[in-house]
Amino acid sequence: MRNRVTLKVFLCFILVGAGLCTSLIDFNNALASDWPSWRGPNQDGSSSETGLVSSWSLEGDNLLWKADFIGRSTPIVLNNRVYVIGRVGVDITEQERVACFDTKTGKMLWEHRFNVFHSTIPFNRLGWTSLAGDMETGYIYAHTISGVFACFDKDGKIVWSHSLTEEFGRFTGYGGRTVTPVVDRDFVILSFLNTSWGSHAAMRHRYFAFDKKTGEVVWTTKPGGPPKDTTYPVSVVAEINGRRLLIDGNSDGHVYAMDVQTGEKVWGFQVSQGPLNASVVVDGTRVYASHNRENTDTTVMGRVVCIDGTGRGDITKTHELWRVDGIEAGYSSPAIADGRLYVVDSAANLHCLDGETGEVHWTHSLGTVGKGSPVVADGKIYVTEVNGHFLILQPGENECKTLSTIQIERESGRYAEIYGSPAIADGRVYFTTEEGLYCLGVQGASASTSNPVVSGSAGLKMSTGAPVSIQVVPTEVLAQPGDNLQFQVRPFTDSGAVATDGDKVAEWSINGLLGVIDE
């Protein structure tokens with residue numbers, strides 16, 4: 165049996181300039197009609213497309229196609245293909261699967277099935293996460309219930325993969341709460357609860373940035389304290405005051421902002437006594453968060469809060485702009501469009517709030533159970549309700565009008581559960597249910613869209629400032645005796661940009677292991 169060792173390389177001294185070169189690519193034109201992540205190209209649940217349907221029917225009106233697929237998350241759309249993750253099989257053949265469909269015809273182009281292991285999660289919660297797509301490479305990233313983190317090319321070939329439970333001690337609870345990955349620039353970023361060796365021994369909600377092309381771990385970080393429970397918010401990337409931030413709700417009840425390039429914590433804001441499940445949404449420098457748990461300073465359950473995202477350190481008491489207590493929105497994530505914030509609470513009430521002041525303009529009932537997140541496009545709101553309802557709404561100044569409500573049922577007559585959100589691309593609306601994958605649109609119509617603001621449309625940010633910190637890539641490797649390993653040093657300024665000043669010199673040493681350093 166061969167011994168396995170984890171190789172650590174320690175830097176004794178460093179004066180490093182920028183030995184990095186990153187291509188600057190503008191993806192806006194290519195992505196004008198894609199939906200590469202679960203909240204869309206703007207990461208805010210909005211779309212600039214027009215000419216979208218205002219009504220449809222199960223009999224065929226504006227229903228372009230329906231595919232045989234069982235899912236509970238949000239589709240993504242990339243390069244005329246729609247990608248989904250869900251479940252398949254009965255009893256001993258139950259599996260999780262990733263599938264790809266042609267957007268025009270609904271024909272399945274490929275699928276990949278995963279066995280379910282190391283998990284007590286019930287079958288109906290397979291496919292909890294949404295997929296993430298990369299506009300540059302066309303790669304698709306999947307995080308399965310069992311902890312397989314896989315990168316697919318557009319034709320379904322696995323480019324690289326990690327077993328997160330085996331490699332990093334990933335933990336998930338019975339309920340199936342797992343996190344959707346986020347792609348930004350050179351990284352695909354994923355968070356989860358884990359306990360492992362060394363500095364990862366204590367269980368925390370940690371973030372892992374992987375090289376999107378190779379799967380190498382670039383950085384890890386744990387911004388918060390002990391977790392209150394498992395959780396599943398999806399991170400959002402936003403540039404605030406010239407710094408690119410990864411902003412996310414944490415299992416300790418805080419919202420944290422971290423530097424995307426290094427993982428360094430920039431600020432934290434306590435929102436709740438319990439873990440946060442709803443994702444934040446960002447508009448300019450404003451960060452909006454919601455929950456359905458206990459508040460820290462009142463007995464009222466639930467809150468929507470607006471945070472000034474320009475601070476540093478603990479900004480809980482200094483950077484709150486407004487709050488609305490009593491809105492228990494802990495599952496659905498907000499959407500924002502034209503200065504209005506749309507929030508679905510746990511009882512399926514849609515609230516319209518003024519993004520600047522928090523004033524509630526109107527509240528509209530969607531049904532009884534709110535889990536799906538709203539999408540705003542073409543002067544309409546597309547939203548789902550768990551008990552099989554797909555709704556199209558027309559928001560007004562002081563009220564909201566229902567344009568269409570369709571309830572989808574299974575063959576048994578029971579409603580088909582809908583947990584995911586709609587995806588909008590190329591004039592079409594896609595969503596998954598227990599009863600199938602649906603594509604809505606006007607036959608023969610062409611979409612109209614303006615270019616969205618796309619996350620990741622530029623390379624690493626450079627600065628002429630002096631380096632104050634360094635990053636060794638990969639940050640963690642598992643090595644066999646005799647392996648040859650390559651590492652790269654990245655220097656950063658105090659603003660999180662790659663430093664271009666300094667001598668291009670790094671001195672290396674190995675601590676506690678036998679080996680040879682070849683520079």
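If you read the sequence shown in our numbering, its first letter stands for residue 165, the second for the next number, and so on.
We put the CB at the ideal spot given by N, CA and C, even for glycine.
Because the structure is a prediction, the values reported are computed rather than measured.
Simplified DSSP state of residue i, which is helix, strand or coil
i	result
phenylalanine 335	strand
leucine 485	strand
arginine 255	One point to set straight first is that residue 255 is aspartate, not arginine, in the sequence displayed. In the structure shown, aspartate 255 sits in a helix (DSSP, three-state: H, G or I).
asparagine 513	strand
glycine 362	helix
threonine 657	coil
asparagine 206	coil
arginine 407	strand
glutamate 520	coil
asparagine 456	strand
glutamate 330	helix
isoleucine 189	Bear in mind that a pLDDT of 33 at isoleucine 189, under 50, signals an unreliable position, so the number given afterwards is only what the model happens to contain. In the structure shown, isoleucine 189 sits in coil (DSSP, three-state: anything other than H, G, I, E or B).
phenylalanine 287	helix
threonine 566	strand
arginine 504	strand
methionine 299	coil
threonine 596	strand
serine 633	strand
leucine 678	coil
C-beta contact flag for residue i and residue j at 7 angstroms
i	j	result
arginine 457	arginine 487	no
leucine 567	serine 210	no
tyrosine 495	asparagine 441	yes
lysine 386	arginine 368	yes
threonine 460	glutamine 635	no
lysine 544	glutamine 558	yes
threonine 639	valine 381	yes
tryptophan 292	glycine 320	no
phenylalanine 316	isoleucine 322	yes
proline 586	valine 539	yes
asparagine 405	threonine 480	no
serine 294	serine 237	yes
glutamate 213	isoleucine 588	yes
threonine 596	glycine 608	no
Residues near residue i in its chain [Cβ-Cβ closer than 7 angstroms; skip 5 each side]
i	result
glutamate 598	Ile234, Arg574, Ala580 and Glu581
asparagine 167	Residue confidence is low: asparagine 167 scores 32 on pLDDT, short of 50, so the model does not pin down where it sits. No coordinate-derived value is stated.
isoleucine 681	Trp672 and Ile674
valine 637	Glu380, Val382, Phe651, Gln652 and Arg654
Nearest residue (CA-CA) to residue i, options the options
i	options	result
glycine 302	Arg368, Lys376 and Val539	Lys376
serine 310	Asp319, Lys318, Arg251 and Val352	Arg251
threonine 664	Pro631, Thr639, Thr238 and Asp518	Pro631
lysine 203	Ser537, Val662, Gly679 and Lys544	Per the sequence shown, residue 203 should be read as arginine rather than lysine. It is Ser537.
glutamine 207	Asn279, Leu273 and Ser443	Ser443
leucine 328	Lys321, Phe372 and Gly362	Phe372
valine 541	Glu492, Gly591, Asp266 and Thr548	Correcting the residue type first, residue 541 is alanine in the shown sequence and not valine. Comparing Cα positions, the closest option is Gly591.
aspartate 423	Ile353, Ile556 and Gly448	Ile353
histidine 418	Trp361, Gln652 and Gly388	Gly388
phenylalanine 265	Ile634, Pro205, Tyr594 and Glu330	Tyr594
valine 446	Ser633, Met299 and Glu520	Glu520
leucine 485	His276, Arg236 and Val435	Val435
threonine 378	Asp412, His364 and Trp324	Trp324
methionine 272	Val248, Leu216 and Thr336	Val248
serine 152	Thr336, Asn648, Gln650 and Arg654	Absent from the model: residue 152. The displayed extent of the chain is 165 to 683, so no value can be given.
phenylalanine 656	Gly629, Thr482 and Asp647	Gly629
tryptophan 220	Arg334, Asn279 and Gln571	Gln571
proline 205	Asp225, Phe278, Met299 and Val262	Met299
Interface flag, residue i vs chain C, CB-CB below 7 angstroms
i	result
isoleucine 256	Within the model displayed, chain C is absent; a lone protein chain is all it includes.
Contacts around residue i, its chain only, beta-carbon distance under 8 angstroms, and the 5 residues preceding and following it disregarded
i	result
alanine 366	Thr359 and Pro390
glycine 270	Leu228, Trp229, Lys230, Ala231, Leu601 and Cys603
glycine 339	Ile285, Arg289 and Thr394
threonine 153	Outside the displayed range of the chain (165 to 683) lies residue 153, so it cannot be described from this structure.
Contacting residues, own chain, Cβ-Cβ under 6 angstroms from residue i (five flanking each side not counted)
i	result
proline 439	Lys392, Asp393, Thr395 and Ser415
leucine 517	Leu505 and Val524
glutamate 492	Asn456, Met465, Gly466, Asp509 and Ser510
glycine 679	none
valine 246	Pro239, Phe265, Thr267 and Tyr594
threonine 548	Gly536, Phe554 and Ile582
alanine 421	Leu409, Ile411, Val430 and Trp431
alanine 501	Ser210 and Val540
>> Counting beta carbon pairs with one atom in the stretch 218 to 230 and one in the stretch 278 to 294, are three or more of them shorter than 8 angstroms?
In response: Remark: fewer than three beta-carbon pairs, one from each stretch, lie closer than 8 angstroms, so the stretch 278 to 294 and the stretch 218 to 230 are not flagged as touching.
> Touching or not, the stretch 239 to 251 and the stretch 198 to 209, by the rule of three or more beta carbon pairs under 8 angstroms?
Replying inline: Verdict: yes, contact present.
> Is the stretch 496 to 513 in contact with the stretch 525 to 534, if contact means three or more CB pairs nearer than 8 angstroms?
Replying inline: Counting Cβ pairs under 8 angstroms, three or more are found: they touch.
> Are there three or more Cβ pairs, one per stretch, closer than 8 angstroms when the stretch 339 to 348 is compared with the stretch 396 to 407?
Replying inline: yes
> So, do the stretch 634 to 648 and the stretch 254 to 261 have three or more beta carbon pairs nearer to each other than 8 angstroms?
Replying inline: no
>> Check whether the stretch 443 to 452 and the stretch 468 to 483 are in contact - that is, three or more C-beta pairs closer than 8 angstroms.
In response: Contact between the stretch 443 to 452 and the stretch 468 to 483 is present: 3 or more CB-CB pairs across the two stretches fall below 8 angstroms.
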